[in-house]
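Note sheet for the following structure.
There are 2 protein chains.
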Amino acid sequence: MIDSKQKVINSAKRMFWHGGYSTTSPKQVMADSGVGQGSYYHHFPSKAELGREVVEANGRDLLASVQAAMEGLPTGRERLVAFLGSANAALDGCQIGNFTYDAGIQAEPELRAALSSAFGQLSSLLEDTVREGQEDGSLPAGLDPQKTAAAVLAVVEGAFVTARASGQQASADDATAGFLALLLSA
Amino acid sequence: MIDSKQKVINSAKRMFWHGGYSTTSPKQVMADSGVGQGSYYHHFPSKAELGREVVEANGRDLLASVQAAMEGLPTGRERLVAFLGSANAALDGCQIGNFTYDAGIQAEPELRAALSSAFGQLSSLLEDTVREGQEDGSLPAGLDPQKTAAAVLAVVEGAFVTARASGQQASADDATAGFLALLLSA
DNA sequence: GTCTATAACTTGATAGAC
DNA sequence: GTCTATCAAGTTATAGAC
Chain E
1 MIDSKQKVIN SAKRMFWHGG YSTTSPKQVM ADSGVGQGSY YHHFPSKAEL GREVVEANGR
61 DLLASVQAAM EGLPTGRERL VAFLGSANAA LDGCQIGNFT YDAGIQAEPE LRAALSSAFG
121 QLSSLLEDTV REGQEDGSLP AGLDPQKTAA AVLAVVEGAF VTARASGQQA SADDATAGFL
181 ALLLSA
Chain S
1001 MIDSKQKVIN SAKRMFWHGG YSTTSPKQVM ADSGVGQGSY YHHFPSKAEL GREVVEANGR
1061 DLLASVQAAM EGLPTGRERL VAFLGSANAA LDGCQIGNFT YDAGIQAEPE LRAALSSAFG
1121 QLSSLLEDTV REGQEDGSLP AGLDPQKTAA AVLAVVEGAF VTARASGQQA SADDATAGFL
1181 ALLLSA
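Chain order of the listed sequences is E and S.
This note's numbering puts the first sequence at residues 1 to 186.
This note's numbering puts the second sequence at residues 1001 to 1186.
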C-alpha cells in the first residue's frame, strides 16, 4: 500500500506537467489521487511545498530518462543524438520546461531554485557529453562545450514549444533533424 | 484620446506576456489600464476574446520586430543571424512562446488557432530566409530549408526557456552562440 | 493521519441604472 | 459606453473532532 503522501506526489507530477502548476488546484490533485482533504493538507500545508517536491521529482525523472537513453552508446556524438530524441513526444510538453513560463512557479523563490537546479544538472550532463565526444573524436575539437551543450538543450526545449504551438509533433521532429544536420556536418 | 478598448488591449498585451494568460485576471487588466468594469465587459464579454486579440497582436508585433531586425541586411545568412539575436532579452520570455504552456490558452480552440497562426508566419519567414541564403550563396545548398528554419526557431524559443529556468540571460546567449558556430561552420 | 465543516478571498462574469 | 452592485463557483487553506 502506497502512502497518501506518495499518492499525492504521483498525481501532482502528472497533473502539473500536463496541466500546469498554477492552473491545477489542490482539489483536483485530491480527486485524482483519491486522497482526502485532511490527509492532503497534513502532508502539504502549502501548495508551494507540493510544487517544490514535484519540480524536483520531475527533474530527477527527466535526468534519469536521459541517462538511460544515453546508456551504452559508445561515442559522445551518439549520446547527444540520443538526447535530441527527447522531444519525440513533444505535444505532452517538457516535464520541466513547462514550468518556466508559469507565473506561480516564478513567484516562489524555492520553486525557481528547484527549476534552476534541474536545468543545471541537465546542462552539466550535456556539457560533459560534448567534452567526451571531443575526446573520443566523434565531435570537432573546435566546438565550445558549454555553448554547444546550451544549443543542444535549447533546440530540444524549443522543439517542445514549437510543437505545442502548432499542435504538430512534426514541428519538433523538423527542428531536431535540422539541428542534427548542422551538428553532423560540423 | 485612446479609446477604452485599445487601453485594455495594450495593458493585456504586456500583462499576458509577462504574467501569463491564465494567471492574469480581468480585474488586474482593468486596474492596469484604468478602464472600469462596465466598460471592460462591454468590449470583451469573455476573457477568451481578449486573449485572442492579444495573441494575434503579440504575434503581429513579434513578426514586425523580426522583419525590422532583418531589414536591409544583404544576405540570408545575416538575416538569420539577426533573428538569433531575438533572444537578447530572454528573461522577459517570448511574446508568443510564453503561451504554449498555458493551460487556459490550450483549452480554447480559438486561442490555440491564433497561437498556431503566429508561429506559422514566423516559420514561413525563416524558411524563406534560408532559401534566400542558399540562392545568394551565403548558406550551404545542402541544407533542408524547412528543417533548418525549424531548428533556428527552436533554438531561439529554447533560449528563452533555458534563460528563464536558470534566471540567467547568459544561458540564452550561450545557446544562440553555440548554434551560430554550427551554422557558420556548415 | 484522516475526516467534515467552514472561511476569506479571487475569478469571471451578469444586472440594471445612467 | 460606462457605472455600481451583485453573484455563483472556485481557490487555498484552517479548525476541531475522531
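Don't be surprised by glycine CBs; every beta carbon is placed ideally from N, CA and C.
For residue 1133 of chain S, the nearest beta carbon of chain E is not closer than 8 Å to its own beta carbon.
If you compare the alpha carbons of S:1162, S:1079, S:1102, S:1149 with that of residue 1048 of chain S, the shortest gap goes to S:1102. Taken in chain order, the segment 1035–1113 of chain S contains no complete beta strand (DSSP E) segment of 3 residues or longer.
Taking 8 Å as the cut-off, the beta carbon of residue 1016 of chain S is found closer than this to the beta carbon of residue 1054 of chain S.
Inter-segment contact for the segment 161–175 of chain E and the segment 64–81 of chain E is absent: fewer than three beta-carbon pairs are separated by less than 8 Å. Note that the C-beta distance between residue 1105 of chain S and residue 1178 of chain S is not below 8 Å. The CB of residue 115 of chain E comes closer than 8 Å to the CB of 1165 in chain S, given here in chain order.
Residue 1124 of chain S counts as exposed, since fewer than 16 other C-beta atoms from the protein chains shown sit within 10 angstroms of its C-beta. Identification of chain E residues near residue 1108 of chain S by a Cβ-Cβ cut-off of 7 Å yields none; the smallest Cβ-Cβ distance measures about 13 Å. Between residue 1087 of chain S and residue 1172 of chain S the beta-carbon gap is near 4 Å, inside 8 Å, which marks them as a contact. Per DSSP, the unbroken alpha helix (DSSP H) holding residue 1149 of chain S starts and ends at 1145–1166.
Neighbours of residue 1085 of chain S in chain E, taken as residues at a C-beta separation under 7 Å, are lacking, since the least C-beta distance is about 14 Å. Under the three-state reduction of DSSP, residue 11 of chain E is assigned to helix.
Ranked by how close their Cα comes to the Cα of residue 150 of chain E, the residues S:1141, S:1169, S:1150 have S:1169 in first place. If you compare the alpha carbons of S:1095, S:1130, S:1131 with that of residue 1118 of chain S, the shortest gap goes to S:1095. With contacts defined by Cβ atoms closer than 8 Å, residue 1153 of chain S and residue 1122 of chain S form a contacting pair. Just so you know, the alpha carbons of residue 1068 of chain S and residue 174 of chain E end up roughly 26 Å apart.
Distance from the CA of residue 1108 of chain S to the CA of residue 135 of chain E, rounded to the nearest whole angstrom, comes to 50 Å.
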